[in-house]
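Colleague:
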């Protein structure tokens with residue numbers, strides 16, 4: 138089945154991002170979904186497919202009912218965490234090509250600022266291997282897992298704290314160009330970054346993603362139908378997914394530094410008939426600064442061990458050789474498990490990103506990561 142250039146994103150929507158919202162997650166999801174449909178010039182009755190990563194069975198049907206989706210609709214479980222939203226166009230393309238749906242809505246929200254309860258130790262205690270082999274030795278929470286990976290990268294390849302800082306500074310500069318970024322009014326200089334205490338060596342607070350509330354959504358349909366809608370369609374050129382062969386637990390991995398991007402990226406590029414040299418900008422899963430460096434390597438933009446020097450000198454900033462996360466990403470805009478980055482990629486390819494617009498952007502890469510899973514999505518301007 139040929140899926141490249143067969144489906145397009147035709148509408149996007151986002152809520153305001155807040156540290157903590159009093160409105161509740163379902164209200165945020167509905168707001169984002171309605172925004173995306175309005176952006177496309179569609180109504181809820183046009184929707185016959187819903188992908189809602191992170192929702193329960195009950196929440197999915199409440200969402201459909203409150204939104205006003207009529208009759209039957211296609212639904213499928215997707216990947217977890219960051220890859221779920223990024224891989225959604227693959228599920229939508231399969232559904233559309235198989236005749237299971239014509240208009241697919243993907244919506245994702247988070248309310249960790251206001252609704253999350255408990256601590257990471259309790260969360261990880263539900264996973265037997267973590268409970269038995271990691272938590273007793275202090276190998277949690279997430280910041281500890283990823284700090285260990287970052288330190289390993291530094292020891293093997295000479296990556297420096299200033300290079301981690303370059304990622305944080307770029308994210309903050311990009312957030313300043315957005316009117317919907319939590320840290321947009323909080324500039325960060327490299328000297329200030331380096332003067333900040335560690336929270337888990339080599340990470341400082343500026344190396345870590347945000348905790349917040351918010352939601353986003355996007356609408357997909359066939360390229361043929363998309364040509365007649367309000368917004369210029371953004372075409373799905375290629376999608377690839379991959380998993381870590383060693384599983385979820387970082388302490389058990391044979392290759393400690395490799396992300397499943399080494400599997401997802403080649404598949405996406407092959408489907409699209411493109412190479413990393415064809416990409417104008419990227420939006421990456423930046424839960425920590427080091428993961429920007431590691432994914433740039435594993436996605437093929439530089440060799441393993443070269444990611445540190447690659448991010449220096451403004452190369453990953455708007456106006457640089459390869460802008461990364463031009464809206465500020467999850468480090469400085471909001472943490473919405475990649476939904477904000479997908480929406481930003483669409484906005485860039487429409488030429489509607491305002492002061493952070495990347496000149497002549499034609500191809501954008503979106504990469505979602507979640508421990509043992511990864512998804513790579515290539516989007517293009519126009520109707521292919």
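In our numbering, the protein residues as written are 138 to 521.
Beta carbons are placed, not taken as given, at the ideal position from N, Cα and C, and that holds for glycine.
Bear in mind that the values here come from a model prediction, so they are computed numbers and not experimental data.
(1) Would a C-beta distance cut-off of 8 Å place residue 176 and residue 368 closer than the cut-off?
(2) For residue 322, which of 491, 287, 279, 470 has the nearest alpha-carbon?
(3) Nearest to residue 226 by CA position, among 358, 388, 312, is which residue?
(4) Taking 8 Å as the cut-off, does the stretch 264-282 touch the stretch 213-220 (at least 3 CB pairs, one atom from each stretch)?
(5) Please specify which runs of the alpha helix (DSSP H), each continuous and at least 4 residues long, are wholly inside the stretch 321-366, giving them in chain order.
(6) What are the boundary residues of the alpha helix (DSSP H) that residue 399 is part of?
(7) Can you tell me where the beta strand (DSSP E) holding residue 240 begins and where it ends?
(8) Which parts of the stretch 164-207 are runs of the alpha helix (DSSP H), unbroken and 4 residues or longer, counting only runs that do not cross its ends?
(9) DSSP state of residue 372, grouped into three classes?
(10) State the Cα-Cα distance for the pair residue 426 and residue 207, rounded to the nearest angstrom.
(11) Beta-carbon separation of residue 431 and residue 290 under 8 Å?
(12) What residue range does the alpha helix (DSSP H) around residue 486 cover?
(13) Would DSSP call residue 521 helix, strand or coil?
(14) Could you please give me the residues that DSSP links to residue 94 through a beta bridge?
(15) Excluding the five sequence neighbours on either side, which residues of its own chain have a C-beta within less than 7 Å of the C-beta of residue 339, listed in chain order?
(16) Should residue 435 go down as buried or exposed, given a rule of 16 or more other Cβ atoms within 10 Å for buried?
(17) Does the structure place the stretch 492-503 close enough to the stretch 381-395 that three or more beta carbon pairs sit under 8 Å?
(18) On a CA-only basis, which of 214, 192, 266, 354 is nearest residue 477? Give me that one, please.
(19) Inspect the beta-carbon positions of residue 461 and residue 429 and report whether they are closer than 8 Å.
(20) For residue 151, which beta-bridge partners are listed by DSSP?
(21) Over what stretch of residues does the alpha helix (DSSP H) that includes residue 223 continue unbroken?
(22) Below 8 Å between beta carbons: does that hold for residue 350 and residue 181?
(23) Compare the Cα-Cα distances from residue 242 to each of 277, 308, 166 and report the closest residue.
(24) So the candidates are 508, 370, 222; which of them puts its Cα closest to the Cα of residue 518?
(25) Name the residue from 247, 393, 212, 479 whose alpha carbon lies nearest to the alpha carbon of residue 231.
Modeller: Looking at the coordinates:
(1) Taking 8 Å as the cut-off, the Cβ atoms of residue 176 and residue 368 count as close.
(2) It is 470.
(3) Comparing Cα positions, the closest option is 358.
(4) Touching, no.
(5) 327-332, 360-363, all fully within the stretch 321-366.
(6) Per DSSP, residue 399 belongs to the alpha helix (DSSP H) from 398-409.
(7) It spans 240-248 - the beta strand (DSSP E) in which residue 240 sits, taken as one unbroken run.
(8) Runs of the alpha helix (DSSP H) lying entirely within the stretch 164-207 and spanning at least 4 residues, in chain order: 194-204.
(9) DSSP places residue 372 within a strand segment (E or B) once states are collapsed to three.
(10) Near 43 Å, if we compare the C-alpha coordinates of residue 207 and residue 426.
(11) Going by C-beta atoms, residue 431 is nearer than 8 Å to residue 290.
(12) Counting along the chain, residue 486 sits inside the alpha helix (DSSP H) bounded by residues 476-487.
(13) Because residue 521 sits at a pLDDT of 45, beneath the cut-off of 50, its placement in the model cannot be relied upon, and the point is left open.
(14) Shown here, the chain extends from 138 to 521; a query on residue 94 therefore has no answer.
(15) Counting only residues of its own chain and dropping the five nearest sequence neighbours on each side, residue 339 has a CB closer than 7 Å to the CB of 284, 287, 288, 291, 298, 301.
(16) Residue 435 comes out buried.
(17) Proximity of the stretch 381-395 to the stretch 492-503 falls short of the contact definition, fewer than three beta-carbon pairs being nearer than 8 Å.
(18) Restricting attention to 214, 192, 266, 354, the CA atom closest to the CA of residue 477 is found in 354.
(19) Against a cut-off of 8 Å, the Cβ pair of residue 429 and residue 461 comes out as a contact.
(20) Answer is 353.
(21) Unbroken alpha helix (DSSP H) run through residue 223: 218-234.
(22) Not in contact: residue 350 and residue 181 (Cβ atoms no closer than 8 Å).
(23) Nearest of 277, 308, 166 to residue 242, Cα basis: 166.
(24) Distances from the alpha-carbon of residue 518 to those of 508, 370, 222 put 370 closest.
(25) The shortest C-alpha separation from residue 231 is found at 212.
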